[in-house]
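**Student:** Residue numbers for the sequence shown follow UniProt numbering, so the first one is 8 and each next one is one higher.
Using N, Cα and C, we set each Cβ at its ideal position, and we do this for glycine too.
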Amino acid sequence: AVINRADYIAPAYWIDTVDLSFDLDPAKTRVLNKMTLRRNADVPAEPLKLDGEELNLARVLVNGQGTSFRMEGEQLVLENLPEGAEAFELEIFTTCAPVKNTKLMGLYVSNDSFFTQCEAEGFRRITYFLDRPDVMASYSVTLRADKAKYPVLLSNGNLVEQGELEGGRHFAKWVDPHKKPAYLFALVAGQLVSREQRITSRAGKEHTLQVYVRPGDLDKTEHAMNSLMHSVAWDEARFGLSLDLERFMIVATSDFNMGAMENKGLNIFNTKYVLANQATATDTDYSNIESVVGHEYFHNWTGNRITCRDWFQLSLKEGLTVFRDQEFSQDLCFEPSARAVKRIEDVRVLRTAQFPEDAGPMAHPVRPDSYIEISNFYTVTIYEKGAEVVRMMQTLVGRDGFAKGMKLYFERHDGQAVTCDDFAQAIADANPASDLARLLPQFKRWYSQAGTPRVHGTGVYDAAARSYTLTLSQSCASTAGQAVKEPFVIPVGLGLLDADGADLPLQLAGEAAPVAAPRTFVLTEAGQTLTFTHIDAEPVPSILRGFSAPVVLEFDYSDAQLLHLLANDIDPFNRWEAGQRLAVRSAIESIAASACPAGAEPLNDAYVQAMRSVLRDPALDAAFKELVLTLPGETYIAEQLDVVDPQRIHAVREAMRAQLATALADDWAVVYEAHQDNGAYTPDPLSSGRRALAGMALTHLCIAATVSGDSVWPGKTYQRFKAAGNMTDRFNALAALVSSGHALAAEALPRFHAMFKDEALVIDKWFSLQTGAPDRGGNILPAVKQLMKHADFSLRNPNRARSVVSTFCQGNPAGFHRADAAGYVFWSERVIELDAINPQVAARLARALDRWSKLAEPYRSAAREAIARVAAKSDLSKDTHEVVSRALAD
Ligand code: ARG
Ligand code: ZN
């Protein structure tokens with residue numbers, strides 16, 4: 008059944024208090040749910056319909072008396088409730104079977120401990136309830152369980168009582184001082200240990216922070232705790248938002264569908280985003296942990312204190328909170344260059360994952376209009392594009408104006424369940440003189456219209472008039488259900504570079520004096536012209552600086568102009584972007600020019616020379632160099648083409664890598680020597696960047712050696728792999744051997760497995776390195792099938808399933824898109840197999856063929872056939888059904 012945003016109506020009842028008692032048992036957990044409810048006088052009277060899923064109902068009492076009830080599908084319907092406005096009590100007793108819960112929604116067991124995941128609609132798998140975010144209640148929770156097996160009993164809020172029970176059992180009672188929607192409920196029970204930290208807030212309040220993990224993992228919790236302390240301090244400093252609880256807990260579990268969950272006071276995390284020490288985690292892991300810990304913590308205000316009225320408003324909390332975690336990570340960077348690197352990384356995610364989503368069958372607005380299964384809408388559009396929409400608001404009102412807007416948002420809506428409109432209105436109202444306030448209704452098209460706008464620019468220099476005229480026009484392709492798109496409000500960061508590469512002062516015709524660059528112009532019309540005066544020679548425009556809007560910029564730059572931007576632009580984003588444009592251009596030319604023979608050299612000398620200059624530039628950071636030297640990914644290149652031949656893209660990109668490896672071999676050696684020793688390990692941006700560049704150098708040196716048959720660098724790489732003092736260096740060395748296809752990989756891989764056989768997160772890396780490796784003559788699919796027979800493989804653990812199956816189907820285009828269609832057959836079998844275990848994980852995997860209609864033959868027909876095969880399966884979950892039926896309709 009399709010759920011429509013336009014059909015929203017307020018609930019017919021409010022739930023004021025919830026008193027839950029759990030007798031925890033893996034096979035049969037008993038849940039007693041005592042609620043006080045009252046009718047919502049604002050809507051017509053109707054029966055109470057409570058959501059429930061896979062529950063065994065034993066008893067229903069109203070004000071202590073038995074009552075009649077009936078089932079309507081999975082809903083429990085109560086018709087004979089007390090009339091009038093008086094509150095009444097409802098008591099519901101149910102049981103459920105956590106050990107059989109493989110969907111990992113609701114209450115489940117992982118490694119003999121109990122965990123919950125309730126967002127979006129998991130609470131109904133625990134008890135009958137009005138499982139919708141606009142019903143906010145006060146919770147008290149009593150947990151009872153065997154004390155030896157489950158010594159730690161946690162829920163939201165404050166621990167108010169605990170003690171012994173007979174039969175070796177014990178109990179704990181928790182009271183959450185804040186009202187919350189059901190999706191923020193959580194409980195945890197098991198054998199866990201914690202790292203604890205007392206902190207005093209700016210406001211002088213004391214808090215206890217805790218990170219709970221399995222015994223043996225305590226030595227991997229320091230970074231998560233540091234990240235949490237930084238998060239608390241940052242939200243106070245930047246937005247004046249303090250921790251509103253005495254106790255704030257993070258708990259790690261190795262079975263988790265997503266990254267983490269912001270349950271009030273009791274965040275539950277995928278171990279991947281908590282556990283790190285230098286021996287087992289890479290720099291990337293450290294930085295992901297920092298941003299996910301920040302993200303969940305920041306939800307405490309943006310999401311929990313102010314929540315969503317309905318799930319169509321998901322980006323209200325997710326877009327805003329991603330924006331906040333991005334800003335947090337940037338603000339933790341000491342050097343401006345590191346901030347720029349973070350911005351480039353964020354944009355790279357948006358463009359490689361969200362742009363294709365916006366152009367494919369799952370395209371949806373940041374605030375969707377309909378869905379079948381809300382779990383399918385935890386997307387890069389809701390999260391990352393949503394964050395860009397918030398970022399544009401900040402651009403339009405300024406950083407201080409945005410902070411004022413946030414303050415007004417909390418003054419107005421603290422404790423409420425609201426909409427995206429409410430948020431945008433608050434930011435605009437706090438800045439009445441801003442472009443946002445002036446343009447608000449039009450700006451909000453970013454919430455309602457799906458699809459990535461394209462901005463087309465042309466520049467004309469008039470020497471006689473000493474003027475430069477930049478014409479910008481915008482358009483947006485239609486998406487399903489939205490044939491015509493109205494113009495967006497697009498902030499365009501702009502500069503004009505002179506022949507020396509310096510920014511010219513910008514003076515628009517009609518302006519009395521120049522304004523120091525860079526400036527932001529706001530494009531609101533389908534087409535707009537900007538004429539700059541006092542320009543002595545044709546400049547090179549640097550448009551969309553800092554990636555000021557989530558659009559595709561088309562400008563017919565010459566190679567020389569792009570090289571000029573790459574060498575000189577003061578905007579690091581556009582400097583990087585110029586290099587990417589040059590590389591994409593060469594790739595597309597080679598892809599069009601028929602077969603790519605071994606030894607082909609798709610890149611021109613000027614590009615190679617420019618890359619050499621970047622590598623040698625003493626003024627540039629290692630991290631920035633690593634980004635510039637990284638070629639655009641195969642998925643990104645594919646999006647630039649109308650018809651996609653994944654094999655050809657792969658062949659060309661591999662040829663480009665080999666060319667950079669060989670042509671710059673001497674430079675790679677120098678770069679490696681200069682960056683390989685970084686002293687004692689710390690995961691800060693500067694030394695991470697140095698390790699990344701050293702790793703990149705090793706990969707290229709191994710590729711060059713594999714081409715030439717030389718064994719010196721592969722040998723050195725293997726030595727580094729064995730001797731490395733941290734996981735980043737060790738993994739980079741291993742990846743260099745695997746990625747170059749050198750024979751030593753076959754020795755290093757089993758060694759790596761033996762070294763880390765008890766570290767699940769490292770074993771995930773071991774799997775995904777192999778399933779994501781460059782395909783050579785179709786070798787990866789057989790390797791994947793072999794790896795699925797490995798004793799460490801399991802489809803039931805989401806991290807493990809993703810490291811093998813998703814990495815192959817969604818991260819290895821050339822391995823997956825085989826001319827013999829075997830990749831698609833494998834995909835359809837795994838989707839169906841997973842769907843019976845865990846629909847959320849299956850539906851994510853199902854999206855691997857989103858872009859099937861762009862594929863060249865024979866891929867296109869074979870892909871469609873595979874999707875149809877999945878769609879034809881009876882009793883698919885709503886999750887997978889929605890994804891494959893939208894794909895077929897594309
Ligand atoms: N709110 C969580 C976060 O962004 C994600 C939870 C999504 N869970 C789900 N089952 N779809 O941090
Ligand atoms: Zn979130």
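Taking the C-alpha atoms as reference points, what is the distance between Ala755 and Tyr293?
**Tutor:** Stepping through the sequence shown from its first residue, residue 755 is reached at position 748. Stepping through the sequence shown from its first residue, residue 293 is reached at position 286. Whole-angstrom Cα-Cα distance: 24 angstroms.
**Student:** What separation, rounded to the nearest whole angstrom, lies between the Cα atoms of Cys483 and Lys492?
**Tutor:** Along the sequence shown, one-based indexing puts residue 483 at 476. Along the sequence shown, one-based indexing puts residue 492 at 485. If you take the alpha carbons of Cys483 and Lys492, they lie about 6 angstroms apart.
**Student:** Is Ala127 a contact residue of ligand 1, with contact defined as CB to any heavy atom under 7 angstroms?
**Tutor:** The residue you call residue 127 lines up with position 120 of the sequence shown. Ala127 Cβ: within cutoff of ligand 1.
**Student:** Looking at the C-beta of Thr291, does it have a partner C-beta in chain D at a distance below 8 angstroms?
**Tutor:** The chain labelled as chain D is not found in the depicted structure, where only one protein chain is given.
**Student:** Looking at Thr314 and ligand 2, is the gap between the Cβ and the nearest heavy atom below 7 angstroms?
**Tutor:** Numbered from 1 along the sequence shown, position 307 holds the residue referred to as residue 314. Not under cutoff, so the answer is no.
**Student:** Helix, strand or coil: how does DSSP classify His230 here?
**Tutor:** Here the question's residue 230 lines up with position 223 in the sequence shown. In this structure, His230 counts as helix in the three-state DSSP scheme.
**Student:** Expressed to the nearest angstrom, what Euclidean distance is found between the alpha-carbon atoms of Ile99 and Lys110?
**Tutor:** Along the sequence shown, read from residue 1 onward, the residue named residue 99 stands at position 92. Along the sequence shown, read from residue 1 onward, the residue named residue 110 stands at position 103. Spanning the two alpha carbons is a distance of roughly 24 angstroms.
**Student:** What residues in its chain sit with their C-beta under 8 angstroms from that of Val877, if we drop five residues either side in the sequence?
**Tutor:** For the purposes of this step, residue 877 is identified with residue 870 of the sequence shown, where counting begins at 1. The residues are Ser835, Val838, Ile839, Ala853, Leu883, Thr887 and Val891.
**Student:** Is His302 near ligand 1 - that is, is its Cβ less than 7 angstroms away from at least one heavy atom of it?
**Tutor:** Mapped onto the sequence shown, residue 302 falls at position 295. Within the cutoff, so yes.
**Student:** Would you kindly work out how many angstroms separate the C-alpha atoms of Pro494 and Val559, rounded to a whole number?
**Tutor:** For the purposes of this step, residue 494 is taken as residue 487 along the sequence shown, with counting starting at 1. For the purposes of this step, residue 559 is taken as residue 552 along the sequence shown, with counting starting at 1. Taking the straight line from one Cα to the other gives about 14 angstroms.
**Student:** With hydrogens ignored, establish whether the beta-carbon of Glu325 is closer than 7 angstroms to any heavy atom of ligand 2.
**Tutor:** On the sequence shown, residue 325 is found 318 positions in, with the first residue counted as 1. It does: the Cβ of Glu325 is within 7 angstroms (strictly closer) of some heavy atom of ligand 2.
**Student:** Please report the straight-line C-alpha distance between Asn284 and Phe763, rounded to a whole angstrom.
**Tutor:** Locating residue 284 in the sequence shown gives position 277, counting from the first residue. Locating residue 763 in the sequence shown gives position 756, counting from the first residue. Each residue's Cα considered, the two are about 13 angstroms apart.
**Student:** Applying the criterion that 16 or more other CB atoms from any shown protein chain within 10 Å of the CB defines a buried residue, is Pro301 buried or exposed?
**Tutor:** Along the sequence shown, read from residue 1 onward, the residue named residue 301 stands at position 294. The question names Pro, yet the displayed sequence has Gly at residue 301. It is buried - the Cβ of Gly301 has at least 16 other Cβ atoms within 10 Å.
**Student:** For Gln568, count neighbouring Cβ atoms within 10 angstroms of its own Cβ and tell me buried if that reaches 16, exposed if not.
**Tutor:** Along the sequence shown, read from residue 1 onward, the residue named residue 568 stands at position 561. When all chains shown are included, Gln568 counts as buried.
**Student:** If you draw a straight line from the alpha carbon of Thr713 to that of Ile787, how long is it in whole angstroms?
**Tutor:** Residue 713 sits at position 706 when you count from the first residue of the sequence shown. Residue 787 sits at position 780 when you count from the first residue of the sequence shown. Their backbone Cα atoms lie some 19 angstroms apart in a straight line.
**Student:** Please classify Glu646: does DSSP put it in a helix, a strand, or coil?
**Tutor:** Indexing the sequence shown from 1 puts residue 646 at position 639. Reduced to three states, the DSSP call for Glu646 is helix.
**Student:** Helix, strand or coil: how does DSSP classify Lys187 here?
**Tutor:** Residue numbering aside, residue 187 sits at position 180 when the sequence shown is read from its first letter. In the structure shown, Lys187 sits in a strand (DSSP, three-state: E or B).
**Student:** Pull up the CB-CB distance for Ser441 and Leu403, whole angstroms please, since I reckon it's below 8 angstroms.
**Tutor:** For the purposes of this step, residue 441 is taken as the residue at position 434 of the sequence shown. For the purposes of this step, residue 403 is taken as the residue at position 396 of the sequence shown. 6 angstroms between Cβ atoms; contact.
**Student:** Have a look at Asn438, Thr386, His420 and Ala431 and flag the residue whose alpha-carbon is nearest the alpha-carbon of Gly405.
**Tutor:** The count along the sequence shown starts at 1 and reaches residue 405 at position 398. Among Asn438, Thr386, His420 and Ala431, the Cα nearest to that of Gly405 is on Asn438.
**Student:** Does DSSP put Ala196 in a helix, a strand or coil?
**Tutor:** One-based indexing of the sequence shown puts residue 196 at position 189. Three-state DSSP puts Ala196 in a strand.
**Student:** Given that a residue counts as buried once 16 or more other Cβ atoms are within 10 Å of its Cβ, and exposed if not, what is Met78?
**Tutor:** Within the sequence shown, the letter at position 71 stands for residue 78. Under this definition Met78 is an exposed residue.
**Student:** Per DSSP, what kind of secondary structure is Ile839 in: helix, strand or coil?
**Tutor:** As a first step, residue 839 is located in the sequence shown; it is residue number 832 there, counting from the start. Helix, per DSSP.
**Student:** What's the call for Phe554, buried or exposed, on a 16-neighbour Cβ count within 10 Å?
**Tutor:** As a working note, residue 554 is residue 547 in the sequence shown. The residue in question, Phe554, is buried, as its Cβ has 16 or more Cβ neighbours within 10 Å.
**Student:** Quick check: the region 187 to 201 against the region 114 to 123, are there 3 or more CB pairs under 8 angstroms?
**Tutor:** These segments touch.
**Student:** So, at 7 angstroms on beta carbons, what are the nonlocal neighbours of Arg419 in its own chain, with the 5 sequence-adjacent residues on each side left out?
**Tutor:** Looking up residue 419 in the sequence shown gives position 412. Closer than 7 angstroms at Cβ, skipping near neighbours: Ala433.
**Student:** Report whether the distance from the Cβ of Ser382 to the nearest heavy atom of ligand 1 is below 7 angstroms.
**Tutor:** Here residue 382 is taken as the residue at index 375 of the sequence shown, counted from 1. Yes, the Cβ of Ser382 comes within 7 angstroms of a heavy atom of ligand 1.
**Student:** Taking 7 angstroms as the cut-off, is the beta-carbon of Glu269 closer than that to any non-hydrogen atom of ligand 2?
**Tutor:** Here residue 269 is taken as the residue at index 262 of the sequence shown, counted from 1. Checking the Cβ of Glu269 against ligand 2 gives yes.
**Student:** Quick one: complete beta strand (DSSP E) runs, 3+ long, within the region 222 to 285?
**Tutor:** The qualifying runs are 254 to 260 and 273 to 277.
**Student:** Check whether the region 341 to 352 touches the region 210 to 230, counting contact only when three or more Cβ pairs, one atom from each stretch, lie closer than 8 angstroms.
**Tutor:** Contact between the region 341 to 352 and the region 210 to 230 is absent, because fewer than three Cβ pairs lie under 8 angstroms.
**Student:** Leaving out five residues on either side along the sequence, give the residues of the same chain with a beta carbon under 6 angstroms from the beta carbon of Val299.
**Tutor:** Along the sequence shown, read from residue 1 onward, the residue named residue 299 stands at position 292. So the qualifying residues of the chain are Gly266, Ala267 and Tyr280.
**Student:** With a CB to CB cut of under 6 angstroms and the five nearest residues on each side skipped, what residues in its chain are close to Val791?
**Tutor:** On the sequence shown, position 784 is the one that residue 791 refers to. Hits under 6 angstroms: Thr778 and Phe815.
**Student:** Mind checking which residues open and close the beta strand (DSSP E) that includes Arg77?
**Tutor:** Counting from 1 along the sequence shown, the entry for residue 77 is found at position 70. Segment Arg77 to Glu79, the beta strand (DSSP E) holding Arg77.
**Student:** Would you tell me roughly how many angstroms separate the C-alpha atoms of Trp241 and Phe335, rounded to the nearest one?
**Tutor:** For the purposes of this step, residue 241 is taken as residue 234 along the sequence shown, with counting starting at 1. For the purposes of this step, residue 335 is taken as residue 328 along the sequence shown, with counting starting at 1. Taking the straight line joining both Cα atoms gives about 7 angstroms.
**Student:** Rounded to whole angstroms, what's the CA-CA distance from Val148 to Phe178? Just pull it up for me.
**Tutor:** Position 141 of the sequence shown, counting from 1, holds the residue named residue 148. Position 171 of the sequence shown, counting from 1, holds the residue named residue 178. Going by the C-alpha atoms only, they are around 10 angstroms apart.
**Student:** Going by Cα to Cα distance, which pick from Arg893, Lys56 and Asp30 is closest to Gly488?
**Tutor:** Within the sequence shown, the letter at position 481 stands for residue 488. Comparing Cα positions, the closest option is Arg893.
**Student:** Under 8 angstroms between the Cβ atoms of residue 901 and Cys603?
**Tutor:** Nothing can be reported for residue 901, as the shown portion of the chain is limited to 8 through 897.
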